[in-house]
Amino acid sequence: SNVKHELLKRLFEANGAPISGQEFADEYGLSRTAIWKYIKEFEEEGYEIASIRKKGYVLLSSPDRINAANIQQHLKTDHYGKIIHYYESCPSTQLIAHDAAQANADDGTLFVAEEQTAGKGRMSRPWNSAAQKGIWMSIVIRPSLMPHQAPQMTLVAAVAIVRAIEELTGIEPTIKWPNDIMISGKKMTGILTELQADPDRVKAIILGIGMNVNQTEEDFPIELKSIATSLRLEGGQVVDRSRLIAEILYYLELYTTMYEKHGFSPIKLLWESYANIEGKRIRAVMLNETIEGSAIGISDDGLLELKMDDGSVRAIFSADIEIKK
Ligand code: BTX
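Residue numbers (our numbering): 25 to 349.
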């Protein structure tokens, strides 16, 4: 319930100082027993709370969970993440977010799960989403954009994610067009951008982000061991997922607003500084063909431009790319 969230938020915000159960109960018109019941529930969820006579409740430690209170204590956005739906386990946050967007979910509503049992990537490929190890989330955003501007939101998100990781961990990932974030040549994050639109306007973008955070080698299934990595594997440290989510939401809101107001060119500059593909030999696998050329960069619409060996230029909308040494 909302009151339960508020109570947990207060406990967090008190930073180790006691919260009076009586005062909180009065403020919300509840009994002290109701408050005590919430405290018991928190303890069952893994929070350690001390009850100090005549003073109140003190939060001693919180479990490693990306629930609303844990994320919201770090939040510095205007809209994004103000409403958070949290799941211990669900098939796919992307499906839930789609339904919610159809049912008019607000701009910035976030769906996060500790675990997905049917996480998906592009073209319904499976996305491995191990319990408590990563960030598996979908956000509904309602930017004022034309439908043809929607695919660039993948690049906006990529820039926001890389920036957030840099700020929080000092690790500098690279972006692999269009939707992967890599560290030392291995996939660390995948982005899935989906659209609900009228012919002339975007109604909602459902942005799915799958990020490997605290996996160790053993946590990856055999088929991913050589192609996937996590922040922990690269930086040698466990990362606070809630803090990272709040940081991502901050930059996502900032850069989405920038894109709405000023178009793609400032995003393109940021993107190019993180992608570093100019001049690289690229093999692009598309649905109907595979081509090879050298990268010129991305166009003003976010398409990948390749210079072919015969001198012609091809602009690619979507593909799986391989960057050759
Ligand atoms: P993609 O199609 O670019 O990448 C999918 C491919 O990535 C898979 O075929 C597999 O080879 C590889 N892969 C699978 N799981 C992982 C992993 N954990 N780490 C690295 N590589 C992996 C990328 O699609 C977009 C993924 C979006 C996932 C988010 S999670 C929240 C939301 N809910 C949901 O179901 N999807 C999105």
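For glycine and all other residues, C-beta sits at the position ideal for the given N, C-alpha and C.
In this text the structure is predicted, and so the values were computed from the model without any measurement.
Compute every distance between the C-beta of residue i and the non-hydrogen atoms of ligand 1, then say whether any falls below 7 Å.
{"i": "S116", "result": "yes"}
{"i": "D204", "result": "yes"}
{"i": "N312", "result": "no"}
{"i": "I185", "result": "no"}
{"i": "P290", "result": "no"}
{"i": "M177", "result": "no"}
{"i": "K144", "result": "yes"}
{"i": "G132", "result": "no"}
{"i": "A308", "result": "no"}
{"i": "G214", "result": "yes"}
{"i": "Q140", "result": "yes"}
{"i": "P197", "result": "no"}
{"i": "L54", "result": "no"}
{"i": "N236", "result": "yes"}
{"i": "M147", "result": "yes"}
{"i": "A228", "result": "no"}
{"i": "A299", "result": "no"}
{"i": "G232", "result": "yes"}
{"i": "L248", "result": "yes"}
{"i": "I251", "result": "yes"}
{"i": "W151", "result": "yes"}
{"i": "S162", "result": "yes"}
Whose C-alpha, out of the options, is nearest the C-alpha of residue i?
{"i": "A154", "options": "R77, E68, D243 and V226", "result": "D243"}
{"i": "M310", "options": "L294, K348, I76 and S342", "result": "S342"}
{"i": "K249", "options": "A228, Q156, M212 and R267", "result": "M212"}
{"i": "S85", "options": "F66, K78, Q96 and I95", "result": "F66"}
{"i": "I107", "options": "S113, D344 and I95", "result": "I95"}
{"i": "Q97", "options": "G194, G232, L32 and K348", "result": "L32"}
{"i": "R187", "options": "L134, L294 and E302", "result": "L294"}
{"i": "S336", "options": "G326, K348 and A319", "result": "A319"}
{"i": "L83", "options": "I165, H103, K348 and Y62", "result": "Y62"}
{"i": "K304", "options": "E329, P290, E68 and K285", "result": "E329"}
{"i": "R397", "options": "R149, T133, W160 and N152", "result": "The structure shown does not extend to residue 397, since the chain is modelled only from 25 to 349, so the question has no answer here."}
{"i": "S254", "options": "S55, Q176, D204 and M170", "result": "D204"}
{"i": "S116", "options": "P150, R89 and E190", "result": "P150"}
{"i": "I272", "options": "G232, L219, D325 and I322", "result": "G232"}
{"i": "F36", "options": "E68, A93 and M170", "result": "A93"}
{"i": "A137", "options": "I269, D334 and I306", "result": "I269"}
{"i": "E139", "options": "S148, N152, M147 and D131", "result": "N152"}
{"i": "D102", "options": "Y111, H29 and D131", "result": "D131"}
{"i": "T314", "options": "K331, I345 and A228", "result": "I345"}
Decide if residue i is buried, meaning its Cβ has at least 16 other Cβ atoms within 10 Å, or exposed.
{"i": "M235", "result": "buried"}
{"i": "K292", "result": "buried"}
{"i": "K64", "result": "exposed"}
{"i": "P202", "result": "buried"}
{"i": "H172", "result": "exposed"}
{"i": "K144", "result": "buried"}
{"i": "T280", "result": "buried"}
{"i": "N17", "result": "Not covered by the structure: residue 17. The range shown for the chain is 25 to 349."}
{"i": "T193", "result": "buried"}
{"i": "K157", "result": "buried"}
{"i": "S113", "result": "exposed"}
{"i": "M177", "result": "buried"}
{"i": "Y52", "result": "exposed"}
{"i": "M161", "result": "buried"}
{"i": "I246", "result": "exposed"}
{"i": "I251", "result": "exposed"}
{"i": "S75", "result": "exposed"}
{"i": "Q46", "result": "exposed"}
Cβ-heavy atom distance between residue i and ligand 3 below 7 Å?
{"i": "K211", "result": "With respect to ligand 3, the structure shown offers nothing to examine, as its ligands consist of ligand 1."}
Practice prompt. Output the residue ranges of the beta strand (DSSP E) runs that lie fully inside the segment 195-243 and measure 3 residues or longer, sorted by chain position.
Written response: Entirely contained in the segment 195-243, the beta strand (DSSP E) runs reaching 3 residues are, in chain order, 198-200, 204-207, 210-222 and 225-236.
Ignoring anything shorter than 3 residues, give me the beta strand (DSSP E) runs that lie fully in the segment 91-163, in order along the chain. Here the runs fully enclosed are 108-111 and 133-137.
Just checking, does the segment 114-128 make contact with the segment 198-205 on the three C-beta pairs under 8 Å criterion? Judged by Cβ distances under 8 Å, the segment 114-128 makes no contact with the segment 198-205, as fewer than three pairs qualify.
Three-pair Cβ contact test at 8 Å for the segment 174-190 versus the segment 290-307
Because the criterion of three Cβ pairs below 8 Å is met, the segment 174-190 and the segment 290-307 touch.
Can you check the segment 271-335 for any alpha helix (DSSP H) of at least 4 residues that lies completely inside it and give the ranges in chain order? Listed in chain order, they are 289-299.
- Message: Does the structure place the segment 77-91 close enough to the segment 25-44 that three or more beta carbon pairs sit under 8 Å?
- Response: In short, these stretches touch, since the Cβ pair count reaches three.
Does the segment 275-289 come close enough to the segment 255-263 to have 3 or more Cβ pairs within less than 8 Å? No, because fewer than three Cβ pairs between the segment 275-289 and the segment 255-263 fall closer than 8 Å, the two stretches do not touch.
Are the segment 267-280 and the segment 205-222 touching by the rule of at least three beta carbon pairs closer than 8 Å? Contact between the segment 267-280 and the segment 205-222 is absent: fewer than three C-beta pairs spanning the two stretches fall below 8 Å.
Runs of 4 residues minimum, wholly inside the segment 43-91: which ones carry the alpha helix (DSSP H) assignment?
The qualifying runs are 45-52 and 56-68.
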